[in-house]
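Presented below is the structure to which this report refers.
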């Protein structure tokens, strides 16, 4: 079992010392970056040019993305796509 939680590697790979998202669901970031256990999320999507950094200062309490992460990335892509 992955120390990151069940299913973590089902949608991600590893490269450049960052997570590379190779399969995503609505609300997931795309491209490459990292979600930090202390409530941070940073990704760059070279396909769309979306770059986002989220600093919540709230420690994650499960391997699943908090609602704030999902809302942030969904809003970022909606803003670009119009």
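Numbering (UniProt numbering), first residue to last: 1 to 82.
Built from N, CA and C at the ideal position, the CB exists for glycine as well.
Here the structure is a predicted model, which is why all the values come from computation and not from measurement.
In terms of alpha-carbon separation, which member of the options lies closest to residue i?
i	options	result
residue 65	19, 76, 39	39
residue 84	8, 70, 81, 79	Outside the shown range of the chain, which is 1 to 82, sits residue 84, and nothing can be said about it.
residue 48	6, 68, 80	80
residue 74	10, 8, 25	25
For residue i, does the three-state DSSP call read helix, strand or coil?
i	result
residue 38	coil
residue 75	helix
residue 45	strand
Since residue i and residue j should fall inside the 8 Å C-beta cutoff, what is the C-beta to C-beta distance between them, to a whole number of angstroms?
i	j	result
residue 37	residue 59	7 Å
residue 50	residue 77	6 Å
Classify residue i as buried or exposed, calling it buried when 16 or more other Cβ atoms lie within 10 Å of its own Cβ.
i	result
residue 46	exposed
residue 6	exposed
residue 35	buried
residue 62	exposed
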